[in-house]
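Q: Chains as they are written, first to last, in the UniProt record's numbering: chain W, 1 to 137; chain Y, 1 to 137.
Please see the structure below; I have some questions.
There are 2 protein chains.
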Amino acid sequence: MKTEAENVLKLRNVRPTAMRLMVFDYLKNRKAAVTLADLENDFDHSERTTLYRTLKTFEKNRVVHQINDGSGIAKYALDLNFQDKFSAKDLHLHFHCNVCNATVCLTDQKIPHISLPEGFVAEDMNLLLKGICDNCT
Amino acid sequence: MKTEAENVLKLRNVRPTAMRLMVFDYLKNRKAAVTLADLENDFDHSERTTLYRTLKTFEKNRVVHQINDGSGIAKYALDLNFQDKFSAKDLHLHFHCNVCNATVCLTDQKIPHISLPEGFVAEDMNLLLKGICDNCT
DNA sequence: TTGATATATGCAATAGAGTTGCATCACTAA
DNA sequence: TTAGTGATGCAACTCTATTGCATATATCAA
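Spelled out as structure tokens, the structure:
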């Protein structure tokens with residue numbers, strides 16, 4: 001019986017090394033998106049570069065997505081649509097709490113359709129809300 | 001007869017120095033949001049730091065707003081609602097062109113209301129669309 | 001106008017995130 | 001088992017953003 005981490009990495013063509021499995025589980029257990037610095041702090045005996053490349057590999061293979069919450073520091077959160085190899089990109093919104101500084105995915109809130117002016121073609125979108133999260137209200 | 005630049009800076013309590021007026025006009029004449037590097041390139045004989053602080057002063061006093069288009073480099077565009085001193089923040093969306101790399105404000109496209117889960121309070125929002133702009137289609 | 005005060009500018013240095021090169025180690029497949 | 005590919009560790013570096021401090025400039029009150 002393989003773990004979820006192993007299954008997902010296999011599905012995404014990412015070699016399930018020990019480090020990657022640990023990072024996957026770490027991401028899985030965190031409610032909020034994580035920065036490279038978070039990983040560095042919580043994986044004391046690991047190399048910064050390896051963690052960096054782990055995130056980049058995950059991102060390239062759609063295990064995680066990068067979130068830009070305006071802090072200027074990239075954050076990463078697990079993709080949640082692991083059903084199949086070619087599942088469509090999950091467009092959801094992100095919420096950044098101005099109090100606790102956490103950034104979370106709100107996968108249930110879908111982004112409404114936006115009509116663009118003539119000549120503009122949208123391929124991707126990011127919706128970021130800032131305010132106070134449920135933990136801080 | 002004062003120029004628009006002078007009027008706006010006065011309104012926003014920003015001292016209208018020569019540098020600031022030039023930067024204002026520069027921003028006014030650019031369709032796309034500008035980076036600090038853009039300013040450095042186009043104001044050859046000016047100090048990087050002065051340009052940086054000019055942008056920050058403009059931002060603090062709501063002459064410009066910062067745009068984060070996912071490139072990791074901050075861009076700035078003029079606020080357009082200069083009607084009065086206390087005009088509400090103008091929530092509009094931004095479009096980033098993956099071809100020419102330009103980022104523009106689409107002030108006519110308003111952001112639809114988003115309902116959030118219990119406990120979340122929104123204070124601000126950013127909507128970024130990525131794709132191909134009207135110049136590149 | 002003049003002096004006192006506050007603000008703006010110029011220059012240098014630094015911080016910090018992100019990224020790359022290269023040597024070595026580990027895994028995979030024939 | 002061996003060749004080849006990919007992962008990791010370490011060091012160095014790039015680039016944006018930011019701050020400290022000295023000097024210049026503008027503003028205001030007397």
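Don't be surprised by glycine CBs; every beta carbon is placed ideally from N, CA and C.
Does W/Leu93 come out as helix, strand or coil in the three-state DSSP assignment?
A: DSSP places W/Leu93 in strand when its eight states are reduced to three.
Q: Alpha carbons only, please: which of W/Met22, W/Asp124, W/Ala102, W/Lys56 is nearest the one belonging to W/His45?
A: That would be W/Met22, whose Cα lies nearest to the Cα of W/His45.
Q: Counting only the same chain and skipping the five closest in sequence on each side, list residues whose C-beta sits under 6 Å from that of W/Leu91.
A: Only Ile111 meet the Cβ criterion.
Q: Here's the rule: buried if 16 or more other CB atoms are within 10 angstroms of the residue's CB, otherwise exposed. What is Y/Tyr52?
A: By the neighbour-count rule (16 or more Cβ atoms within 10 Å), Y/Tyr52 is not buried but exposed.
Q: Helix, strand or coil: which one does DSSP assign to Y/Asn101?
A: Y/Asn101: coil per DSSP, three-state reduction.
Q: Do Y/His113 and Y/Cys105 come within 7 Å of each other at the CB atom, strictly closer than that value?
A: Going by C-beta atoms, Y/Cys105 is not nearer than 7 Å to Y/His113.
Q: Just to confirm, is the Cβ distance from W/Glu123 to Y/Lys130 under 7 Å?
A: For W/Glu123 and Y/Lys130, yes; Cβs fall inside 7 Å.
Q: With a threshold of 6 Å, establish whether the CB of W/Leu9 neighbours any heavy atom of the ligand MN.
A: This structure simply doesn't include the ligand MN, nor any ligand for that matter.
Q: Quick one: grab the DSSP three-state call for W/Val63.
A: The answer is coil: DSSP assigns W/Val63 none of H, G, I, E or B.
Q: Measuring alpha carbon to alpha carbon, tell me which of W/Arg15, W/Thr103, W/Gln109, W/Leu127 ends up nearest W/Phe58.
A: The shortest C-alpha separation from W/Phe58 is found at W/Arg15.
Q: Starting from Y/Leu55, find everything on chain W with Cβ-Cβ shorter than 8 Å and list it in chain order.
A: By Cβ distance, chain W contributes nothing, its closest Cβ being about 14 Å from Y/Leu55, past 8 Å.
Q: Assuming the contact rule is C-beta atoms closer than 8 Å, Y/Thr54 and Y/Arg20 should be a hit. Round their C-beta distance to whole Å, please.
A: Contact flag correct, Cβ pair sits at about 6 Å.
Q: Between which two residues does the beta strand (DSSP E) harbouring Y/Lys10 extend?
A: Looking at the DSSP string, Y/Lys10 is not in any beta strand (DSSP E); the run it does join, the alpha helix (DSSP H), is 4-11.
Q: Rank W/Met125, W/Asp79, W/Lys2 by C-alpha distance to the C-alpha of W/Val64 and give the top, closest one.
A: Considering only alpha carbons, the answer is W/Asp79.
Q: Roughly how many whole angstroms lie between the Cα atoms of Y/Asn41 and W/Asp25?
A: Distance between the alpha carbons of Y/Asn41 and W/Asp25: 46 Å.
Q: Can you round the beta-carbon distance between W/Val34 and Y/Ile132 to whole angstroms, since I take them to be within the 8 Å contact cut?
A: That belief does not hold up - the Cβ atoms of W/Val34 and Y/Ile132 are roughly 32 Å apart, past 8 Å.
Q: Indicate whether W/Ala102 and W/Ala32 have their beta-carbon atoms separated by less than 7 Å.
A: Yes.
Q: Run through the segment 14-47 of chain Y for me and flag every whole beta strand (DSSP E) of 3 or more residues, listed as ranges in chain order.
A: Entirely contained in the segment 14-47 of chain Y, not one beta strand (DSSP E) run reaches 3 residues.
Q: For W/Phe110, does the three-state DSSP call read helix, strand or coil?
A: It is Lys, not Phe, that sits at residue 110 of chain W in the sequence shown. Of the three classes helix, strand and coil, the one that applies to W/Lys110 here is coil, per DSSP.
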